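Enquirer: In the working numbering, the protein residues as written are 436 to 863.
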Amino acid sequence: MTEPLRLGIAGLGTVGIGVVKIIRRHAALLEARTGRPVVISAVCARDASKDRGVSLKDYAWETDPVALATRDDVDVFVELMGGHDGPAKAATEAALAAGKDVVTANKALLAIHGQALAEQAEAKGRVIRFEAAVAGGIPVIKSLTEGLAGNEITRVMGVMNGTCNYILTRMETAGLPYATVFKEADDLGYLEADPTLDVGGIDAGHKLALLAAIAFGTKPAFDDVKLEGIQRIAIEDIRHAADMGYRIKLLGVAQRSARGLEQRMTPCLVPANSPLGQLEGGTNMVVIEGDAIEQVVLRGPGAGEGPTASAVMGDILDIARGIRIATFGQPATTLDEAPSAQTGLPAAHYVRMSLQDKPGAMAKVAAALGDAGVSIHRMRQYDHSTTIAPVLVVTHKCTSAMLDHALDGLEATGVVEGAPVALRIEEL
Ligand code: NAP
Ligand code: HSE
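Have a look at this one:
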């Protein structure tokens, strides 16, 4: 096979320019590995006059992503603009309709429109590849669709938003409050243009929905992901969790059982000495559990020019080699519509509250938990100089319904100030 593979790249920001650089730097290596040249026919971005630090003069320039996606000299449309609607969706649909394969790093687009796009691709005999969309440079989609394809996957979990992991670990190591570290992350350019995508868990929720679809053979169901961000995590929680031998992570967990498909992206406590507990800074980690493999742990850079472009290139090279895998690992029309699990598996929980320091207050707390059927595993009252005592409870396993009942009961005691903070402790 000596015909070149011709690319049209829409989006010349962090990821797009990273891809252009690899193609320019490694032209000979890419050809040696795939048996054919990988070339760029045309590129597209909003501002043609911007200096992007790399020469683009060899490539045709398009102002309209749809025009780029449908050019006769483009075999693969590489979508690196972002956004779940607008030009990314229009150009991807146009590319598929015109018979092009698609490579994208866009988790929002696929988490929301992935099923329809996958069906469109298959009807046209095309592929959509999106390794870069989940956990940046970590080849997690390849692992699930290829290396681990012989397993029944039992659980997928991980830390998939580097910005949140940076904020949480920096809060712990520097002893700084959330607002200060959030500002630092902003100054360092870590946050998405809309920071809620990061700290609200939405970006990581998109990624989890994509992994769940592949792992469990289900249609991507982002609306069913239980989402909670890290905004309400206080430095006290970080300290108390550490004191109890845990770390707080924005943790995604997906598992399928008789209760349905459970998908959660929420702050959780994990053992400090576990691989997830030891994950520092902006790094990502995905843990895959399967009936034959037991557990595989993948760790690496989840974002940035080089790592994300590396993942995009992996997809492009597969297409150059003739490797064609269905978008979510099996034909889109065979994906299940799994019911969403209404309740999670029972788990131990961390509950922090501010308790009025007066006779009988602790007894009321114990009674409220007991009335909800929640049993106390560990309890600590911390030193304090005011009339309010910080109290921490680690429960035995209970359901989220029992916990909600207990939290209502705590608020009704009249001795707990404000709303208690409750976090799930994930078993690893
Ligand atoms: P970015 O730096 O903001 O770049 C976006 C590019 O898209 C820019 O070149 C922009 O043009 C172009 N663009 C936007 N709207 C356009 C339109 N209507 N027509 C033509 N071009 C348009 O974004 P990025 O960080 O590279 O991210 C790209 C994608 O990769 C997103 O889906 C993102 O979620 C995903 N991703 C990024 C990372 C990462 O580390 N950055 C990691 C994983 C996944 P101008 O330059 O002219 O403004
Ligand atoms: N904003 C994401 C993160 C990078 O912080 O991990 C893009 O996926």
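Note that CB positions come from ideal geometry on N, CA and C, so glycine has one too. This one's a predicted model, so the numbers in the text were calculated from it and none came from an experiment.
#1: Please determine whether the Cβ atom of residue 738 lies at a distance below 7 Å from any heavy atom of ligand 2.
#2: Examine ligand 4 and report whether any of its heavy atoms sits within less than 7 Å of the Cβ of residue 642.
#3: The beta strand (DSSP E) that contains residue 703, what's its start and end?
#4: Threshold first: 3 residues or longer. Then list the beta strand (DSSP E) segments lying entirely within the stretch 725-789, N to C.
#5: Would you kindly work out how many angstroms separate the C-alpha atoms of residue 787 and residue 578, rounded to a whole number?
#6: Which parts of the stretch 605-633 are runs of the alpha helix (DSSP H), unbroken and 4 residues or longer, counting only runs that do not cross its ends?
#7: Give, in chain order, every unbroken run of the alpha helix (DSSP H) that is at least 4 residues long and sits entirely within the stretch 501-575.
#8: Tell me whether residue 627 counts as near ligand 2, meaning its Cβ is closer than 7 Å to at least one heavy atom of that ligand.
#9: Which class does residue 721 belong to by DSSP, given the choice of helix, strand or coil?
#10: Starting from the C-beta of residue 822, find all residues in its chain whose C-beta is less than 6 Å away, skip the five residues before and the five after it, and write them out in chain order.
#11: Which whole-angstrom value describes the C-beta separation of residue 701 and residue 671, a residue pair presumed to lie in contact below a C-beta threshold of 8 Å?
#12: Where in the stretch 636-698 do unbroken runs of the beta strand (DSSP E), each at least 3 residues long, occur, reported from the N-terminal end onward?
#13: Hey, out of 797, 835, 614 and 541, whose CA is closest to residue 828's CA?
#14: Are the stretch 746-756 and the stretch 444-463 touching by the rule of at least three beta carbon pairs closer than 8 Å?
#15: Suppose you measure from the CA of residue 805 to the CA of residue 536; what does that come to, to the nearest Å?
#16: Closer than 7 Å: is that where the CB of residue 542 sits relative to any heavy atom of ligand 1?
#17: Only counting the same chain, and skipping five residues up and downstream in sequence, which positions put a Cβ closer than 6 Å to that of residue 587?
#18: Mind the definition here: the stretch 751-762 touches the stretch 825-839 only if three or more C-beta pairs lie below 8 Å; say whether that holds.
#19: Where DSSP assigns a beta bridge to residue 592, which residues make up the other side?
Expert: Quick look at the numbers:
#1: yes
#2: Ligand 4 is not part of the structure shown, which contains ligand 1 and ligand 2 as its ligands.
#3: 695-706
#4: 729-736
#5: 38 Å
#6: 613-622
#7: 521-532 and 542-558
#8: yes
#9: strand
#10: 792
#11: Actually they do not touch by this definition, with Cβ atoms about 18 Å apart.
#12: 681-692
#13: 797
#14: yes
#15: 58 Å
#16: yes
#17: 726
#18: no
#19: 688 and 722
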